[in-house]
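Chains A and B, in that order, are what the protein sequence lines are.
Per my numbering, residue 92 is the first one in the first sequence, and the count goes up by one each step.
Per my numbering, residue 92 is the first one in the second sequence, and the count goes up by one each step.
Quick reminder that beta carbons are idealized off the backbone N, C-alpha and C, glycines included.
Only a predicted model underlies this, so the values are computations on that prediction, with no experimental measurement involved.
There are 2 protein chains.
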Amino acid sequence: MSATADEGLTDLLVDVVRRAEANVAAGGGPFAATVVRGGDVVSVGVNRVTRDLDPTAHAEVVAIREACRAVEDFSLAGCVLLSSCEPCPMCLASALWARLDRVVYAADRDDAARAGFDDREFYDLFERPRTQWSVPVVQQQLPEATVPFAAWTAHDGRRAY
Amino acid sequence: MSATADEGLTDLLVDVVRRAEANVAAGGGPFAATVVRGGDVVSVGVNRVTRDLDPTAHAEVVAIREACRAVEDFSLAGCVLLSSCEPCPMCLASALWARLDRVVYAADRDDAARAGFDDREFYDLFERPRTQWSVPVVQQQLPEATVPFAAWTAHDGRRAY
Numbered sequence: 092m093s094a095t096a097d098e099g100l101t102d103l104l105v106d107v108v109r110r111a112e113a114n115v116a117a118g119g120g121p122f123a124a125t126v127v128r129g130g131d132v133v134s135v136g137v138n139r140v141t142r143d144l145d146p147t148a149h150a151e152v153v154a155i156r157e158a159c160r161a162v163e164d165f166s167l168a169g170c171v172l173l174s175s176c177e178p179c180p181m182c183l184a185s186a187l188w189a190r191l192d193r194v195v196y197a198a199d200r201d202d203a204a205r206a207g208f209d210d211r212e213f214y215d216l217f218e219r220p221r222t223q224w225s226v227p228v229v230q231q232q233l234p235e236a237t238v239p240f241a242a243w244t245a246h247d248g249r250r251a252y
Numbered sequence: 092m093s094a095t096a097d098e099g100l101t102d103l104l105v106d107v108v109r110r111a112e113a114n115v116a117a118g119g120g121p122f123a124a125t126v127v128r129g130g131d132v133v134s135v136g137v138n139r140v141t142r143d144l145d146p147t148a149h150a151e152v153v154a155i156r157e158a159c160r161a162v163e164d165f166s167l168a169g170c171v172l173l174s175s176c177e178p179c180p181m182c183l184a185s186a187l188w189a190r191l192d193r194v195v196y197a198a199d200r201d202d203a204a205r206a207g208f209d210d211r212e213f214y215d216l217f218e219r220p221r222t223q224w225s226v227p228v229v230q231q232q233l234p235e236a237t238v239p240f241a242a243w244t245a246h247d248g249r250r251a252y
């Protein structure tokens, strides 16, 4: 990517930070994100967790979903995600599933932690064995557990993602 | 939780696995999930990535969103998430943000990998330094990066989540 294109992304990232600030007065969390392709904005998203009663409505997820609607594809290959703050594990994995080319963020998980958000705590949790988690995450063995995957691999019309 | 209650959850988990299998014929991925409170089903979700053109529409995320709509709250504290397969990092972090009490799954990331899904690959990626990732995830320092958080902490009407 050329220096000029990167300068364009910097301007867009500054816009995203301004949107994050404005979202606080609008009743949301202090986060915003945008999906960009070739310097053009495909979508913007702000944190809507408390307004939509949706714990997954982080700015990045909102922007990714909106971008997919805009381009009518579940893949955002060729696009870049700009976020006002380092994406949490949910948002970062969303970016991976969306096949985004790159993720650029302004503030980081430590800034978010100082403002009372759990992004850093969840990153720390991911690095610890689940046996140490306060939230149990456990497998229950079932004889039929892999039947759905057998159905999938046998299904000629399956659409991989 | 009593043995009887856990037996109830096993039956519900078997139902979830059946839904995951049925979702393949319906044109979706081989995954399903349900949110349960006190043995009662609050919501069910199936993978809708390709049908909804939404890379975040994994079964667990769909079930969490639907459960929040049902209970009219962005917190699912007191609820359990049952999934046909080990939640990927996106879904597991979604469960943490939703404040679910517990996550129980049938198949695991290795089963999913054998069927061609990237859940295990993304878990492996999370364990490696980002400098080794093929997808760049980078911070761009901005003077105004923490302005949204300052607005947040100064905002009396903020609603934490």
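Quiz item: DSSP three-state call for serine 185(A): helix, strand or coil?
Solution: Taking the first residue of the first sequence as position 1, residue 185(A) is located at position 94. Secondary structure of serine 185(A) (DSSP, three-state): helix.
Self-check item: Extent of the continuous beta strand (DSSP E) run through threonine 125(B)
Solution: Taking the first residue of the second sequence as position 1, residue 125(B) is located at position 34. Note, threonine 125(B): beta strand (DSSP E), 123–128.
Quiz item: Rounded to a whole number of angstroms, what is the C-alpha to C-alpha distance between arginine 156(A) and arginine 219(A)?
Solution: Indexing the first sequence from 1 puts residue 156(A) at position 65. Indexing the first sequence from 1 puts residue 219(A) at position 128. Distance between the alpha carbons of arginine 156(A) and arginine 219(A): 30 Å.
Quiz item: Helix, strand or coil: which one does DSSP assign to valine 195(A)?
Solution: Taking the first residue of the first sequence as position 1, residue 195(A) is located at position 104. For valine 195(A), the three-state secondary structure derived from DSSP is strand.
Quiz item: In angstroms, rounded to a whole number, what distance separates the CA positions of aspartate 244(A) and arginine 200(B)?
Solution: To locate residue 244(A), count along the first sequence from 1; it is residue 153. To locate residue 200(B), count along the second sequence from 1; it is residue 109. Inspection of the sequence shows that residue 244(A) is occupied by threonine rather than by aspartate. When rounded, the separation of the alpha-carbon atoms in threonine 244(A) and arginine 200(B) is 16 Å.
Exercise. For the segment 221–245 of chain A, enumerate the residues whose C-beta is nearer than 7 Å to any C-beta of chain B, in chain order.
Key: Residues Val226, Pro227, Val228, Val229, Gln230, Gln231, Leu233, Glu235, Ala236, Thr237, Val238, Pro239, Phe240, Ala242, Trp243, Thr244.
Exercise. Could you list which residues in chain A have their beta carbon closer than 7 Å to that of arginine 156(B), in chain order?
Key: Taking the first residue of the second sequence as 1, we reach residue 156(B) at position 65. Going along chain A in sequence order, the residues near arginine 156(B) (Cβ under 7 Å) are Asp145, Thr147.
Quiz prompt | CB contact below 8 Å: alanine 150(A) versus chain B | solution = For the purposes of this step, residue 150(A) is taken as residue 59 along the first sequence, with counting starting at 1. False, the Cβ-Cβ gap to chain B never drops below 8 Å.
Exercise. Compute the distance between the beta-carbons of alanine 184(A) and proline 121(B), then report whether it is under 8 Å.
Key: For this step, residue 184(A) is matched to residue 93 along the first sequence. For this step, residue 121(B) is matched to residue 30 along the second sequence. At least 8 Å separates the beta-carbon of alanine 184(A) from that of proline 121(B).
Quiz prompt | Where the alpha helix (DSSP H) through valine 162(A) begins and ends | solution = Locating residue 162(A) in the first sequence gives position 71, counting from the first residue. Residues 150–162.
Quiz item: For valine 194(A), does the count of other Cβ atoms within 10 angstroms reach 16, so buried, or fall short, so exposed?
Solution: Taking the first residue of the first sequence as 1, we reach residue 194(A) at position 103. It counts as buried.
Exercise. Can you check DSSP and say which residues form a bridge with aspartate 131(B)?
Key: In the second sequence, the residue the question calls residue 131(B) occupies position 40. Per the DSSP secondary-structure output, aspartate 131(B) pairs in a beta bridge with Arg128(B).
Practice problem: Pick out whichever of Asp247(B), Leu172(B), Ala150(B), Arg139(B) has its Cα sitting closest to the Cα of valine 253(A). | Solution: The shown model of chain A, from 92 to 252, leaves out residue 253(A), and the question about it has no answer.
Exercise. Quick one: residues in its chain with C-beta nearer than 6 Å to the C-beta of serine 175(B), no 5 flanking neighbours on either side, listed in chain order?
Key: Position 84 of the second sequence, counted from the start, is the residue given in the question as residue 175(B). Hits under 6 Å: Val107, Val108, Ala111, Phe122, Ala123, Ala197.
Exercise. Could you list which residues in chain A have their beta carbon closer than 9 Å to that of serine 174(B), in chain order?
Key: Counting from one through the second sequence, the residue named residue 174(B) turns up at place 83. Listed along chain A, no residue sits closer than 9 Å to serine 174(B) by beta-carbon distance, the nearest being about 10 Å off.
Quiz item: Hey, how far is the Cα of alanine 168(A) from the Cα of glycine 99(B)?
Solution: In the first sequence, counting from the first residue as 1, residue 168(A) sits at position 77. In the second sequence, counting from the first residue as 1, residue 99(B) sits at position 8. Taking the straight line from one Cα to the other gives about 43 Å.
Exercise. List the residues of chain A that threonine 125(B) touches, going by C-beta distances under 8 Å, in chain order.
Key: Stepping through the second sequence from its first residue, residue 125(B) is reached at position 34. Within 8 Å Cβ-Cβ: nothing; threonine 125(B) doesn't reach chain A, min ~13 Å.
Practice problem: Could you list which residues in chain B have their beta carbon closer than 9 Å to that of valine 195(A), in chain order? | Solution: Against the first sequence, residue 195(A) aligns to sequence position 104. The answer, in chain order, is Pro227, Val228, Val229, Gln230, Gln231.
Quiz item: Under a CB-based cut-off of 8 Å, is glutamate 177(A) close to chain B?
Solution: Within the first sequence, the letter at position 86 stands for residue 177(A). Yes, its Cβ sits closer than 8 Å to a Cβ of chain B.
Self-check item: chain E contacts from the segment 198–217 of chain A (Cβ-Cβ distance under 8 Å)
Solution: The structure shown contains no chain E; the protein chains it does contain are A and B.
Exercise. Go to valine 226(B), then tell me how far its beta strand (DSSP E) extends in each direction, as first and last residue.
Key: Reading the second sequence from its first residue, position 135 is the one you call residue 226(B). It is not in any beta strand (DSSP E) - valine 226(B) carries neither H nor E in the DSSP assignment.
Quiz item: Interface residues of chain A around alanine 168(B) at Cβ under 8 Å?
Solution: Counted from its first residue, the second sequence places residue 168(B) at position 77. By Cβ distance, chain A contributes nothing, its closest Cβ being about 11 Å from alanine 168(B), past 8 Å.
Self-check item: Local Cβ density within 10 Å of aspartate 215(B), reported as buried at 16 or more and exposed below that
Solution: Indexing the second sequence from 1 puts residue 215(B) at position 124. Aspartate 215(B) is exposed by the Cβ-count criterion.
Quiz item: Which chain A residues are close to leucine 191(B), counting only those with a beta carbon under 9 Å from its beta carbon?
Solution: Residue mapping note: residue 191(B) aligns to position 100 of the second sequence, counting from 1. Result: Val226.
Quiz item: Would you say alanine 161(B) reaches chain A, if we count a Cβ-Cβ gap shorter than 8 Å as a contact?
Solution: Start at 1 with the first residue of the second sequence, and residue 161(B) comes out as number 70. False, the Cβ-Cβ gap to chain A never drops below 8 Å.
Exercise. Quick one: residues in its chain with C-beta nearer than 6 Å to the C-beta of valine 115(A), no 5 flanking neighbours on either side, listed in chain order?
Key: Sequence index remark: in the first sequence, residue 115(A) carries index 24 (1-based). Taken in chain order, the residues that qualify are Pro121.
Quiz item: When DSSP labels each residue in this structure, what does leucine 167(A) get in the three-state scheme?
Solution: What you label residue 167(A) is simply residue 76 of the first sequence in a count that begins at 1. Leucine 167(A): coil per DSSP, three-state reduction.
Quiz item: On the premise that serine 166(A) lies in contact with arginine 205(A), defined as a C-beta separation below 8 Å, what is that separation, rounded to the nearest angstrom?
Solution: To locate residue 205(A), count along the first sequence from 1; it is residue 114. To locate residue 166(A), count along the first sequence from 1; it is residue 75. Actually they do not touch by this definition, with Cβ atoms about 35 Å apart.
Quiz prompt | Neighbour-count burial assignment, aspartate 210(B), 16 or more Cβ in a 10 Å radius | solution = The residue you call residue 210(B) lines up with position 119 of the second sequence. Buried.
Quiz item: Is the beta carbon of alanine 236(B) sitting closer than 8 Å to the one on aspartate 102(A)?
Solution: For this step, residue 236(B) is matched to residue 145 along the second sequence. For this step, residue 102(A) is matched to residue 11 along the first sequence. No, Cβ-Cβ distance for alanine 236(B) and aspartate 102(A) is not below 8 Å.
Quiz item: Which of the three DSSP states, helix, strand or coil, is assigned to leucine 104(B)?
Solution: For the purposes of this step, residue 104(B) is identified with residue 13 of the second sequence, where counting begins at 1. Residue state for leucine 104(B) is assigned as helix, using DSSP reduced to three classes.
Exercise. Check whether the Cβ of valine 133(B) lies closer than 8 Å to any Cβ atom in chain A.
Key: Here residue 133(B) refers to the residue found at position 42 of the second sequence. Closer than 8 Å to the CB of valine 133(B) there is not a single CB belonging to chain A.
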